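Chains as they are written, first to last, in this note's numbering: chain E, 1 to 153; chain C, 1001 to 1153; chain U, 2001 to 2153.
Glycine residues also receive a C-beta, built at the ideal position from the N, C-alpha and C atoms.
Quick caveat, the model's predicted, so the values are computed rather than measured.
The structure under discussion appears below in the form of structure tokens.
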Amino acid sequence: MPLIADRLAILGLELPSLATPAGAYIPAVVSGNLVFTSGQLPFVSGALPATGKVGGTVSPEDAKTCAATSVLNALAAVQFAIGSLDRVTRIVKVVGFVASEPSFTGQPGVINGASELLGEIFGDAGVHARSAVGVAVLPLDSPVEVELIVEFA
Amino acid sequence: MPLIADRLAILGLELPSLATPAGAYIPAVVSGNLVFTSGQLPFVSGALPATGKVGGTVSPEDAKTCAATSVLNALAAVQFAIGSLDRVTRIVKVVGFVASEPSFTGQPGVINGASELLGEIFGDAGVHARSAVGVAVLPLDSPVEVELIVEFA
Amino acid sequence: MPLIADRLAILGLELPSLATPAGAYIPAVVSGNLVFTSGQLPFVSGALPATGKVGGTVSPEDAKTCAATSVLNALAAVQFAIGSLDRVTRIVKVVGFVASEPSFTGQPGVINGASELLGEIFGDAGVHARSAVGVAVLPLDSPVEVELIVEFA
Chain E
1 MPLIADRLAI LGLELPSLAT PAGAYIPAVV SGNLVFTSGQ LPFVSGALPA TGKVGGTVSP
61 EDAKTCAATS VLNALAAVQF AIGSLDRVTR IVKVVGFVAS EPSFTGQPGV INGASELLGE
121 IFGDAGVHAR SAVGVAVLPL DSPVEVELIV EFA
Chain C
1001 MPLIADRLAI LGLELPSLAT PAGAYIPAVV SGNLVFTSGQ LPFVSGALPA TGKVGGTVSP
1061 EDAKTCAATS VLNALAAVQF AIGSLDRVTR IVKVVGFVAS EPSFTGQPGV INGASELLGE
1121 IFGDAGVHAR SAVGVAVLPL DSPVEVELIV EFA
Chain U
2001 MPLIADRLAI LGLELPSLAT PAGAYIPAVV SGNLVFTSGQ LPFVSGALPA TGKVGGTVSP
2061 EDAKTCAATS VLNALAAVQF AIGSLDRVTR IVKVVGFVAS EPSFTGQPGV INGASELLGE
2121 IFGDAGVHAR SAVGVAVLPL DSPVEVELIV EFA
């Protein structure tokens, strides 16, 4: 398995600098050999690339890209917590919240943006359990929020 | 404590074959002595027995049945992950998402369909912590989605 | 670090008696050195101090107070599970669900009511990872529901 930094470079990706949490908490906490991340929004350089509800003003395709961006922010949080992504032994769980018009039922396709990227970066260690749900609204009107539980050694 | 297979037979229940996840992930992942399941929909033979929002086109009674069915699918995922449900030492946590009309506030009664079944199958080991929330919409317009954290030995 | 009971007294706070769960489950379960609480509503003496959606009939300020009250109920559940809050070594994760009008996007400010109180009570051990989401509706029309994962020794 190549180093994760090399995998990211091959994929043309770069970990963002850590987004400042919008409240009295931190991006990730370690307990035992698990990292629990905070819910991550798809910030790019401090701004949300899209706002609104999927099935309304936000397309499923744009939301899927947002889910991938949220994962990059989550991985920056994991790196903050354990120093290096090369310590990751398993992506255990992904929860993806999709701000949805009540008529939009394609949440799995949106959160595949998170799942597929984790597979590309971590290979077999990136294959996870997942929940995808459609919520009324997310902080700052973000279309997507993603949280991770990650095992490390 | 009888074997879980015997308990299921006494209850007239059968574990379904494992539902294929609707995305780039798997039904359950083990970390340490915990199993984290993916969010489970109430599939029966590959189809949802009901679709829509509870308090709208779906009755609370039908949604409660869906919550129990989701648990059976979740237990099939746990069995996939650890080989046998006889290894389960505790149902730790249940999260139940109920697709709800904003005026429907009976989520606890719906998710009791999950909780009561876990008690019937696992006895004291089935008594869990739980969150029940009402969300705008769920994948494929399912009325209910249930995820589990399960401890095993 | 002073005893948690002393911290609570200094802050003018008192742990409530344990709210009876509204279903077939218990307020908290221990697995390994983690406590998983059930989702907690802001009950005060058995009644909800506010009902409705934030951004609608419930103000963000009142909802923030409800988030703090939900944390007190969650800590009563943790104490029930492990005997004493002095055993807490880390608040690992907070998930805050805010029943929201689809136009209300200030969930982080509401859930800061939970986060800030945990910091005041537990100091560095109270600094946690967090997800805040806006949902369609919560049990009994509660404006807020909060669940915790807590590490103890």
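Practice task
Out of E/47, E/121, E/107 and E/18, point me to the one whose CA is closest to residue 12 of chain E's CA.
Solution key: E/121
Handout entry: According to DSSP, residues forming a beta bridge with residue 34 of chain E
Key = E/31 and E/151
Handout entry: C-alpha distance - residue 1141 of chain C paired with residue 1099 of chain C, whole-angstrom precision
Key = 8 Å
Handout entry: Simplified DSSP state of residue 2109 of chain U, which is helix, strand or coil
Key = helix
Exercise for the section: Check each candidate in C/1092, C/1129 and C/1091 and name the one with the smallest Cα separation from residue 1108 of chain C. Expected result: C/1129
Practice task
Could you spell out the range, first to last residue, of the beta strand (DSSP E) harbouring residue 1093 of chain C?
Solution key: 1088 to 1099
Practice task
Run down chain C in chain order and give the residues with a C-beta less than 9 Å from the C-beta of residue 167 of chain E.
Solution key: Nothing about residue 167 of chain E can be read from this structure; chain E reaches only from 1 to 153.
Practice task
Report yes if the C-beta distance between residue 2110 of chain U and residue 2149 of chain U is below 7 Å; otherwise report no.
Solution key: no
Handout entry: Minimum Cβ-Cβ distance from residue 129 of chain E to chain C less than 7 Å
Key = yes
Handout entry: Cβ shell of residue 1114 of chain C (< 7 Å), same chain only, five flanking positions each side left out
Key = 1067, 1068, 1070, 1071, 1094, 1096 and 1146
Exercise for the section: Taking C-beta pairs closer than 9 Å, name the residues in chain E that residue 1028 of chain C reaches, listed in chain order. Expected result: 129
Practice task
Have a look at residue 1076 of chain C and residue 1042 of chain C and give me their C-alpha separation to the nearest angstrom.
Solution key: 12 Å
Problem - Reference residue 81 of chain E; option with closest CA among E/45, E/64, E/62 and E/38 - result: E/38
Problem - Own chain residues within Cβ distance below 8 Å of residue 44 of chain E, not counting five before or after - result: 16 and 69
Practice task
Let me know if residue 1083 of chain C comes out buried or exposed under the rule of 16 or more other beta-carbons within 10 Å of its beta-carbon.
Solution key: exposed
Practice task
Determine, using beta carbons only, whether residue 93 of chain E comes closer than 7 Å to chain C.
Solution key: yes
Practice task
Please say whether residue 2136 of chain U and residue 1078 of chain C have beta carbons closer to each other than 7 Å?
Solution key: no
Practice task
Identify the contact partners of residue 1147 of chain C in chain E, using a Cβ-Cβ distance below 7 Å as the criterion.
Solution key: 131
Handout entry: Distance between residue 88 of chain E and residue 2005 of chain U (C-alpha atoms, nearest Å)
Key = 38 Å
Practice task
Answer with yes or no whether the minimum CB distance from residue 2110 of chain U to chain C is below 7 Å.
Solution key: no
Exercise for the section: Would you verify that the beta carbon of residue 141 of chain E is, or is not, closer than 7 Å to some beta carbon of chain U? Expected result: yes
Problem - Distance CB(residue 2053 of chain U)-CB(residue 2101 of chain U) smaller than 7 Å - result: yes
Problem - Within 7 Å of chain C by C-beta, residues of the segment 2057 to 2091 of chain U in sequence order - result: none
Exercise for the section: For residue 1126 of chain C, collect the residues of the same chain with a Cβ closer than 6 Å to its Cβ; drop the 5 residues on either side in sequence, then sort them by chain order. Expected result: 1091, 1118 and 1119
Practice task
Might you give, ordered along the chain, the residues of its own chain that have their beta carbon closer than 6 Å to the beta carbon of residue 1132 of chain C, omitting 5 neighbours on each side?
Solution key: 1096, 1107, 1108 and 1111
Problem - Limits of the unbroken alpha helix (DSSP H) element including residue 63 of chain E - result: 60 to 82
Problem - Bridge-paired residues (DSSP) for residue 145 of chain E - result: E/97
Exercise for the section: Check whether the Cβ atoms of residue 62 of chain E and residue 47 of chain E lie closer than 7 Å to each other. Expected result: no
Handout entry: Closer than 7 Å to chain E by CB, residue 1037 of chain C
Key = yes
Problem - Nonlocal neighbours in the same chain, by C-beta distance under 7 Å from residue 2153 of chain U, ignoring five residues either side - result: 2033, 2087 and 2089
Practice task
Please name the residue, chosen from U/2060, U/2029, U/2018 and U/2009, that lies closest to residue 2143 of chain U on a Cα-to-Cα basis.
Solution key: U/2060
Problem - Rounded C-alpha distance that separates residue 2030 of chain U from residue 31 of chain E - result: 14 Å
Practice task
State yes or no: is the C-beta of residue 2035 of chain U within less than 7 Å of the C-beta of residue 2024 of chain U?
Solution key: no
Practice task
Provide the residue span of the beta strand (DSSP E) that contains residue 1132 of chain C, from first to last.
Solution key: 1129 to 1135
Exercise for the section: Taking residue 1135 of chain C as the query, report the chain U residues whose CB atoms sit under 7 Å from its CB, ordered along the chain. Expected result: 2135 and 2136
Exercise for the section: Please check if any C-beta of chain A sits within less than 7 Å of the C-beta of residue 132 of chain E. Expected result: Any reference to chain A falls outside this structure, whose protein chains are E, C and U.
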